[in-house]
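For the sequence shown, position 246 matches number 246 in the UniProt record's numbering, and the numbering has no gaps at all. All C-beta atoms in this analysis are idealised placements derived from N, C-alpha and C, irrespective of residue type, glycine included. Working notes, beginning with the structure itself.
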Amino acid sequence: MEYLILISLMIVTVIVITIVQDKKRQKRILDYIRSSFGVPRDDTEEQFYRLGNIETLYLMDKKSIAEHEIVDDITWEDLSMDNIFALVNHTDSYIGEQCLYSKLHDLSKTESNLKQLEEKISFFGTNEDKRFEVREKLYFLGKSYVNYDMPILIENISKHKLKNSKFYYALSYLLMISIAAAIIIRKPVFIGMCIAVYLINMIIHTIKKEKMDIKVKSVFNLGKMLNTSFSLAELVPEFSNEISEDLNTLKNTAKRSTFLEQKNATDNKDEVSMMMSYLLGPLMIDFIMYDKIISELIEKKSECMRIYKFIGEIDCSVSIASYRKSAATYCIPKTADNDSFSFVGLVHPAISNAIPNDIEYDRNIIITGSNASGKSTFIKSTAINLILGQTIHTCTSESASVPKCGVITSMAVRDDILSGESYYIREIKYLKRMIELCQEDRLLFLAIDEILKGTNTRERIAASKAILNYFTDKRCMLLVATHDLELAKAFDKIFANYYFSEVIDSDDIMFDYTLHNGINDSSNAIKLLSAIGFPDDIVDKAKEEIAKPDI
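The following block contains the structure:
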């Protein structure tokens with residue numbers, strides 16, 4: 001008797017500890033959801049580590065987007081957009097993360113699309129209770145690495161069809177018939193037959209289970225996604241009208257997937273799970289349910305993908321609302337009526353305490369200035385905000401007017417040792433893609449940093465003039481940074497000239513990072529040698545050389 005009491009106490013203690021631990025875990029999750037809105041994320045390294053998984057959806061989406069409406073790989077790299085993505089990424093689910101990454105590449109959205117996005121962002125930014133409930137559902141989906149292939153699973157769902165499915169149905173029916181016969185007839189031969197069929201089915205299920213487990217779990221996760229979409233549609237019905245028919249179509253599929261969800265929850269090595277496996281495994285229920293779900297999804301692939309993106313859009317909207325709250329400055333951009341743009345108080349989103357600048361584009365622009373004075377950063381700030389304005393309807397400035405335009409850059413050019421391409425070859429290829437995309441009547445923003453710096457001065461000036469002249473006849477907004485004063489002066493009549501400069505105090509050089517009107521004819525390359533501590537004899541010799549008339 002004492003042993004029974006002791007065992008009972010131990011069981012009760014284990015149950016109580018499990019419940020308490022689960023309550024604590026739930027509280028930690030809820031506390032995180034409440035406190036993390038509007039707070040910058042600190043998981044940048046982890047995000048970079050899983051970028052290969054995150055980009056899966058984008059690689060599929062880009063196939064249906066026009067070339068000039070995609071932020072291409074060169075521009076993405078030039079602008080360090082992975083860092084910008086990490087800043088904006090306040091998502092709670094793998095689906096939201098993938099949709100946000102794809103969204104930041106996609107410049108095809110119309111003013112109507114952006115208006116709908118803004119409605120969601122504004123809603124989640126102001127409705128704290130509803131936002132909390134939605135985030136709780138999204139957090140449940142999580143960011144497990146195995147789920148990032150979900151778009152591929154949906155796209156190629158027919159490849160996951162269970163082979164020889166009728167065989168498993170037959171085994172299941174045979175076992176049920178033999179069980180019924182053994183119970184009703186109660187003769188040894190039927191009981192023996194029932195045991196034999198049970199054992200055969202158990203062996204087959206055990207052998208096939210290892211290969212099927214990954215597929216079953218994938219479909220379970222897909223079902224989990226579907227069930228989350230139903231929960232979200234109930235929470236925010238005003239945003240689910242477009243997928244209401246899709247949800248109705250997949251209602252039965254979602255219910256069937258609940259079985260796999262329950263099975264997954266008990267799919268451990270404990271005694272209860274093993275007992276369930278011994279009872280249900282020989283009936284092949286998990287295989288049969290898997291086959292039914294896959295068969296339905298093959299016919300409803302498009303509906304499934306729309307639901308996937310519905311979840312992602314909700315998560316993105318919450319994420320953007322959170323990012324806005326965390327940003328030092330932001331605005332909702334207006335749509336420019338003509339081929340122009342303007343920013344007041346423009347800053348780079350990734351630079352703390354950045355100096356704001358104003359710019360109003362009415363003609364092509366050349367920016368001159370000393371080394372490290374802020375030219376490249378300003379061009380990047382402009383290009384990034386033209387992208388952000390068209391994708392997440394948010395700019396890091398006090399006010400902004402943004403047109404619908406492609407954004408193409410040629411900035412961070414590097415040699416490619418593996419392909420054997422020199423700096424100059426890479427640079428002219430970058431410029432050629434700009435020329436090719438300018439052939440049709442569509443607005444493009446082109447940003448070029450240090451045009452043709454990979455070649456000698458004489459040919460650089462000649463070729464640069466020809467290229468800039470070519471772009472003046474095209475429907476493009478051109479922003480060029482250069483050290484070549486001759487180039488700036490040559491286009492003084494038709495381009496707007498701006499510059500960045502430095503303030504020299506004794507041996508120190510300080511930058512104000514402020515955009516000024518005009519051309520800066522000063523240089524600071526030799527002064528910078530001195531400022532960072534180069535030996536005096538090198539600095540003095542450089543000054544002597546620059547003073548010579550033929551230099």
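What residues are listed by DSSP as bridge partners for residue i?
i, result
"M477", "F445"
"E360", "S342"
"residue 552", "Residue 552 lies beyond the range of the chain shown here (1 to 551); nothing can be said about it."
"T368", "Y499"
"M225", "According to DSSP, which records beta bridges pairwise, M225 is partnered with nothing at all."
"V407", "F445"
"H516", "Y499"
"C395", "C331"
"T511", "For the sequence presented, residue 511 should be read as Phe rather than Thr. E502."
"I70", "D106"
Do we get a CB-CB distance below 8 Å when we pair residue i with the residues of chain B?
i, result
"I546", "Reference to chain B is not applicable here, since this structure consists of a single protein chain."
What does a CB cutoff of less than 7 Å around residue i pick up in its chain, not counting 5 residues either side in sequence?
i, result
"T228", "K137, F140, L141, I311"
"G518", "N497, Y499"
"S309", "As written in the sequence, residue 309 is Lys, which differs from the Ser given in the question. So the list reads C99, once near-sequence residues are dropped."
"G369", "K375, Y499, F500, S501, N520"
"M60", "P151, E155"
"K159", "none"
"D270", "In this prediction, D270 has a pLDDT of 48, which is less than 50 and means its spatial position is unreliable; nothing more can be read from the coordinates."
"A525", "N371"
"H68", "G406, L437, R442, L444"
Verify whether the separation of the beta carbon atoms of residue i and residue j is less than 8 Å.
i, j, result
"L444", "L437", "yes"
"D339", "R475", "yes"
"F190", "A182", "yes"
"F509", "A488", "In the sequence as presented, Phe is not what sits at residue 509; that position holds Ile. No."
"L104", "T391", "yes"
"A327", "F124", "no"
"Y361", "M212", "no"
"F500", "N520", "yes"
"V332", "E111", "In the sequence under discussion, the amino acid at residue 332 is Ile, which differs from the Val named in the question. The answer is no: Cβ separation not under 8 Å."
"L515", "N357", "yes"
"I74", "L107", "no"
"T206", "L226", "no"
"R50", "Y168", "no"
"D315", "I95", "yes"
"F85", "K325", "no"
"S381", "N89", "no"
"C405", "L386", "yes"
"P467", "L431", "The question names Pro, but residue 467 in the sequence shown is Ile. Yes. Within cutoff."
"N221", "Y148", "no"
"K163", "S93", "no"
"D246", "E313", "no"
"S384", "P349", "It should be pointed out that residue 384 corresponds to Ile in this sequence rather than to Ser. Yes, these two residues count as a Cβ contact at 8 Å."
Given residue i, which residues of its chain have a CB within under 6 Å of its CB, disregarding the five upstream and five downstream residues?
i, result
"S231", "K137"
"I365", "L479, A496"
"residue 583", "Look at the range of the chain in this structure, 1 to 551, and you will see that residue 583 is not part of it."
"L30", "none"
"A66", "none"
"L235", "E133, V134"
"A265", "Confidence at A265 is low in this model, with a pLDDT of 48, below 50, so its placement is unreliable and no value can be given for it."
"Y323", "V88, H90"
"S165", "D291"
"A542", "I526"
Under 8 Å by Cβ, that's how I've got residue i and residue j pegged, so tell me the actual separation to the nearest angstrom.
i, j, result
"I351", "Y498", "At roughly 19 Å, the Cβ-Cβ gap does not stay under 8 Å, so I351 and Y498 are not in contact."
"S317", "K130", "Going by Cβ atoms, the distance from S317 to K130 rounds to 12 Å, so no, they are not a contact pair."
"T482", "I451", "6 Å"
"Y198", "L175", "6 Å"
"I154", "M289", "Not a contact, Cβ separation roughly 18 Å."
"C194", "I204", "Not quite, the Cβ-Cβ distance comes to about 16 Å (not below 8 Å), so this is no contact."
"E46", "Y101", "Actually they are not in contact, since the Cβ atoms of E46 and Y101 sit about 14 Å apart, beyond 8 Å."
"S122", "L283", "About 51 Å; that fails the 8 Å criterion."
"I157", "K63", "At roughly 18 Å, the Cβ-Cβ gap does not stay under 8 Å, so I157 and K63 are not in contact."
"T258", "G223", "7 Å"
"V402", "T335", "7 Å"
"D72", "F48", "So it is not a contact: roughly 20 Å between Cβ atoms."
Within its chain, find whatever has a CB closer than 8 Å to the CB of residue i; leave out the 5 residues flanking it on each side and keep chain order.
i, result
"K161", "D291, I294, S295, I298"
"G281", "N201, M202, H205, T206, K209"
"I355", "V347, G374, D512, Y513, T514"
"T329", "G345, V347, P356, T396, S397, E398"
"G533", "none"
Does the Cβ of residue i lie closer than 7 Å to at least one heavy atom of the ligand FAD?
i, result
"R186", "Of the ligands one can find in the structure shown there are none, so the ligand FAD has no counterpart to examine."
### Task
Could I get the ranges of all uninterrupted alpha helix (DSSP H) runs contained in the stretch 91-157, with 4 residues as the minimum, in chain order?
94-103, 111-126, 128-141, 150-155
### Query
Which full runs of the beta strand (DSSP E) of 3+ residues lie inside the stretch 172-214, going along the chain?
none
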